[in-house]
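Asker: Before we start, here is the structure in question, set down as structure tokens.
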Amino acid sequence: MPTYQYRCKNCGNELEIVQKMSDASLTLCPKCETESFERVISASGGFVLKGSGFYKNDYGSGKPAATEAAPSPCSTGACSAGSCPMAK
Numbered sequence: 254m255p256t257y258q259y260r261c262k263n264c265g266n267e268l269e270i271v272q273k274m275s276d277a278s279l280t281l282c283p284k285c286e287t288e289s290f291e292r293v294i295s296a297s298g299g300f301v302l303k304g305s306g307f308y309k310n311d312y313g314s315g316k317p318a319a320t321e322a323a324p325s326p327c328s329t330g331a332c333s334a335g336s337c338p339m340a341k
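The numbering of the sequence shown is the working numbering, which starts it at 254 and goes up by one.
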């Protein structure tokens, strides 16, 4: 669920509230109890992945994984000698 920042136009009270995206915006300030609470645009704390399968060090090394394929039997000359291992 996203965190929304609210500010009261009347008293300047600021809060961060965790709400569902489908929830209605809050309008009543809990401090001065006026209908002047509004959602403001703020810089978020960043994109954070949580849960199994996401790890901080998964994609950070910059080095590609070594995926060296084994040479094909046909490229080693076995097929030209008449004993192709792929023909079985």
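Every residue gets a Cβ at the ideal spot worked out from N, C-alpha and C, and that includes glycine.
1) Taking the straight line between their C-alpha atoms, what separation do you get for residue 292 and residue 259?
2) So the beta strand (DSSP E) residue 270 belongs to, where does it begin and stop?
3) Assuming residue 291 is part of the beta strand (DSSP E), what are its boundary residues?
4) Can you name the start and end residues of the beta strand (DSSP E) that residue 261 belongs to?
5) Can you grab the Cα-Cα spacing for the pair residue 295 / residue 287, in whole Å?
Answerer: Working from what's here:
1) 4 Å
2) 267–271
3) 290–293
4) 256–261
5) 22 Å
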